[in-house]
Every structure is written in C-alpha cells, then in structure tokens.
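**Q** Below you'll find the structure I mean.
Protein chains: 2
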Amino acid sequence: MRIEDEIKQPIFRDDYQKAHINLVFTAGWLQLRQAVAFKPFGLTLPQFNILRILRGQHPLPATVALLIDRMLDKTSNASRIVDRLEEKQLVTRTVCPANRRAVDIRITSTGLDLLNRIEQAGVTQSSCITRLSEAETHQLNALLDKIRADG
Amino acid sequence: MRIEDEIKQPIFRDDYQKAHINLVFTAGWLQLRQAVAFKPFGLTLPQFNILRILRGQHPLPATVALLIDRMLDKTSNASRIVDRLEEKQLVTRTVCPANRRAVDIRITSTGLDLLNRIEQAGVTQSSCITRLSEAETHQLNALLDKIRADG
DNA sequence: TTACATTAAATGTACCTACATATATTTGCT
DNA sequence: AGCAAATATATGTAGGTACATTTAATGTAA
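Sequences listed follow chains A and B, in order.
Numbered by the numbering used here, the letters in the first sequence go through residues 1022 to 1172 in order.
Numbered by the numbering used here, the letters in the second sequence go through residues 1022 to 1172 in order.
Below, the structure is given as structure tokens:
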C-alpha cells in the first residue's frame, strides 16, 4: 500500500519528506511484525537479540559493555534487559573474577533451548523483505547506506 | 558507512536479513537525529507530530480519535501525549458539547508560536534523506511500498 | 601510598509503545 | 422507557529508549 494511504496524508512537502516518513513507517511495520512473532515465546525483540549475542559467545561469558557494543541500539539499557532475562532464568550474572567491576553474563541451557525452539518455528526466517527481488534488496541496502553517509 | 561496520556484524545470513537490519537501523538513526533537534524546544517527536495535526485543524478542534487516525503509530497512546502538551499549555482540552464522550483538543497560541519557532529554526527541513538524488528517493519510496505490499 | 581520574555497571527519571481494562456517554432495539 | 451494544477516552501495567547520576573497582601519578 502506498504510504499516502497508510497514514492518510495525501500531500507531502516533497519526495524527501515522503521517503523519510516512509522509511520510519516501514521500519516500525517490520518491527511490530517481529514483536508479534516473538510474543508466544515470551521474549521481546531486544531480549532476543541479547540472547543471540550471548549464544555467539557461549561458552564464554559476555560483559554488559560487550552487549552494548554489539547491539543495534547503543543507547538502550542492556543492564535492565539482562534483568528480565535473568528473572526468566535464561541467563546468569556473576561478578567477573578478573575485574570485579565487570559482570560475566552467560546464556543458560534453558536459554539455548528457547533460541532453538524459536528458530525451528521459523520466526527468524520470514523477514517480509523477501517481497523484493535480490537486485532490489541490493539497491535498498545501497540507498540506506548512502542516507547515513558520513553520519 | 556500510551497515556491516556500523553494528560490527561482518556476516549476514543473506541480503534480505541485511536489508531488514539496515532498514531498522537507518530509521532509528533518522529518528534519533530528529529527537535531538527537537530537544532544545522541549518537545518529543510524537508531541511535535500531534501539534502539527492540531495546527492543520486549527481553529477547529480535533478529537483523540482523529489524532490516532492521522498518526504514524496507531498503537501509540495519543491521550497521554496530549497530557504532556496540556501540562505545557500548548493545547487545551474541553469536553465536546455535541458528544460528551469526545474531547475537543485545540492548539493554543503558545503552541502555534512554538511550531513557528521550530520551523524557522529549520529543524524540519534537514531530513538527511537529501543525500539521495531525486531519482534515488523515488526508487526508495517504491521499494519501501513494495515491502509492505498487501500488508 | 594516598589522591584523583577512569572504567563498568546499576539506578533514577521522563517519556514512549503495546496491549488490556475501566468509565462514561450515546445509540439502537424492543 | 429501558437495556444492551457500541463508541470515546482514560487508565493500568509491562517493557523499552534516552540521558543523567551514582556506586564500586581499578589504574595512575605525585
């Protein structure tokens, strides 16, 4: 559906403004769909992303600083997202013996199992972007990178 | 900058996954820049958008239902955003005389002044998307619309 | 070695989304 | 008229972002 019809704003200042709104709207649209897919597993999107980073490190631990470094959203509060995962016993937190300021965070076997179940359910496959051809996807990536150039 | 370098993930499953992440990341990047630009004026992005809708209606009032209809994010809580604007005396709320379930929301002259100051400061002009050519912008709009096709 | 800066994480606050539920008013049906 | 359904908004709760501040541990230099 055209963005004009989605948000009932028939006229934009110019195509730049339209693209800006379209971009933000489409990203929100994608994120909402993902969030709905994760809901049956009791995870939010940021929680899922952190679990995946922890699996990437496993069996080594990760610190909060490492999580922030790897996250899409640098300003999000990794510490509190880990709180939620810890409550659900999907991760453990222990003081790092080598540097007692830092905290070693590890994914539990329950956490690993959950990730497997989510992936076997195909939740992470259906990215909606597949409506584009490969060439179009390539184009899209180039355009997005250009928007952020020197940013 | 390429998305690979932005988030330090050198390998993606495929170009679709990469485009998905790129899209969400770029939208967040744009929104953060806008939020920073509005901050000196004491407004958040959703607050600014609602003020603009109200100016579009002015001197007629808008109801909460109308605001939701016009907003990008349908699930956001317009009622509470109006709370904040009312505290700052940028809008007024009065019970609609014709339908006492509804609430007439109007932008105040203070609110109109603030919008003018924001626009004269050029905050709403610099949309960052201007790094693209007109043809590229057109292409981007088409790709985004296609992603959401039949959505 | 004490004094100060730096670092790692946690916490506080304001505001936001997402979704469920409550309250008040109006409409429609019998 | 009276009552149920629909409508308009507000409120409650859980979790998230953004950003400032706090606390504890470590590094560093006089």
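Glycine is no exception: its CB is placed at the ideal position from the N, C-alpha and C atoms.
Keep in mind that this is a model prediction, so the values were computed, not measured.
I need the straight-line Cα distance from residue 1057 of chain A to residue 1069 of chain A, nearest angstrom please.
**A** The residue you call residue 1057 of chain A lines up with position 36 of the first sequence. The residue you call residue 1069 of chain A lines up with position 48 of the first sequence. If you take the alpha carbons of residue 1057 of chain A and residue 1069 of chain A, they lie about 13 Å apart.
**Q** Provide the residue(s) that pair with residue 1113 of chain A in DSSP beta bridges, ordered along the chain.
**A** Start at 1 with the first residue of the first sequence, and residue 1113 of chain A comes out as number 92. The partner list for residue 1113 of chain A (beta bridge, DSSP) reads A:1127.
**Q** If you drop the 5 nearest sequence neighbours on each side, which residues of the same chain put their C-beta closer than 6 Å to that of residue 1099 of chain A?
**A** Taking the first sequence and counting its residues from 1, one reaches residue 1099 of chain A at position 78. Excluding residues within five positions, the ones whose Cβ falls inside 6 Å are 1085, 1088, 1089.
**Q** Cα-Cα, which of B:1136, B:1119, B:1121 is closest to residue 1074 of chain B?
**A** On the second sequence, residue 1074 of chain B is found 53 positions in, with the first residue counted as 1. The shortest Cα separation from residue 1074 of chain B among B:1136, B:1119, B:1121 belongs to B:1136.
**Q** Please confirm if the stretch 1149-1164 of chain A is in contact with the stretch 1104-1119 of chain A, defined as three or more CB-CB distances below 8 Å between the two stretches.
**A** No: the two stretches stay apart, fewer than three of their Cβ pairs being nearer than 8 Å.
**Q** Which residues mark the beginning and the end of the alpha helix (DSSP H) in which residue 1158 of chain A is found?
**A** Here residue 1158 of chain A refers to the residue found at position 137 when the first sequence is read from its first residue. That run of the alpha helix (DSSP H) goes 1155-1168.
**Q** Identify the contact partners of residue 1184 of chain B in chain A, using a Cβ-Cβ distance below 9 Å as the criterion.
**A** The structure shown does not extend to residue 1184 of chain B, since chain B is modelled only from 1022 through 1172, so no value can be given for it.
**Q** If you draw a straight line from the alpha carbon of residue 1158 of chain A to that of residue 1066 of chain A, how long is it in whole angstroms?
**A** Sequence index remark: in the first sequence, residue 1158 of chain A carries index 137 (1-based). Sequence index remark: in the first sequence, residue 1066 of chain A carries index 45 (1-based). Distance between the alpha carbons of residue 1158 of chain A and residue 1066 of chain A: 23 Å.
**Q** For residue 1133 of chain B, which residues from the same chain have a beta carbon less than 8 Å from its beta carbon, with the 5 sequence-adjacent residues on both sides left out?
**A** Your numbering for residue 1133 of chain B matches position 112 in the second sequence. Contacts found: 1076, 1079.
**Q** Is it the case that the Cβ atoms of residue 1138 of chain B and residue 1167 of chain A are separated by a distance below 7 Å?
**A** Position 117 of the second sequence, counting from 1, holds the residue named residue 1138 of chain B. Position 146 of the first sequence, counting from 1, holds the residue named residue 1167 of chain A. In this structure, residue 1167 of chain A does not lie closer than 7 Å to residue 1138 of chain B by Cβ.
**Q** Taking only beta carbons into account, state which residues of the stretch 1067-1095 of chain B come closer than 7 Å to chain A, listed in chain order.
**A** From the stretch 1067-1095 of chain B, only 1090, 1091, 1093, 1094 have a Cβ closer than 7 Å to chain A.
**Q** How far does the alpha helix (DSSP H) with residue 1039 of chain A in it extend, from its first residue to its last?
**A** Working through the first sequence from its first residue, we reach residue 1039 of chain A at position 18. Residues 1036-1059.
**Q** For residue 1047 of chain B, count neighbouring C-beta atoms within 10 Å of its own C-beta (all shown protein chains included) and say buried if the count is 16 or more, exposed if not.
**A** Numbered from its first residue, the second sequence carries residue 1047 of chain B at position 26. So residue 1047 of chain B ends up on the buried side.
**Q** Express the C-alpha separation of residue 1038 of chain A and residue 1150 of chain B in angstroms, rounding to a whole number.
**A** Reading the second sequence from its first residue, position 129 is the one you call residue 1150 of chain B. Reading the first sequence from its first residue, position 17 is the one you call residue 1038 of chain A. Each residue's alpha carbon lies about 8 Å from the other.
**Q** Any beta-carbon of chain B closer than 7 Å to the one on residue 1098 of chain A?
**A** Numbered from 1 along the first sequence, position 77 holds the residue referred to as residue 1098 of chain A. No, its Cβ sits nowhere closer than 7 Å to a Cβ of chain B.
**Q** Smallest Cα separation from residue 1169 of chain B: which of B:1144, B:1026, B:1041, B:1033?
**A** Position 148 of the second sequence, counted from the first residue, corresponds to residue 1169 of chain B. Residue 1169 of chain B has its Cα closest to that of B:1041, out of B:1144, B:1026, B:1041, B:1033.
**Q** Buried or exposed for residue 1055 of chain B, going by 16 or more other Cβ atoms inside 10 Å?
**A** The residue you call residue 1055 of chain B lines up with position 34 of the second sequence. By the 10 Å Cβ count, residue 1055 of chain B comes out buried.
**Q** Please look up how many angstroms separate the CB atoms of residue 1129 of chain B and residue 1112 of chain B, rounded, as I've assumed it's under 8 Å.
**A** Within the second sequence, numbered from 1, the residue matching residue 1129 of chain B stands at position 108. Within the second sequence, numbered from 1, the residue matching residue 1112 of chain B stands at position 91. Contact flag correct, Cβ pair sits at about 6 Å.
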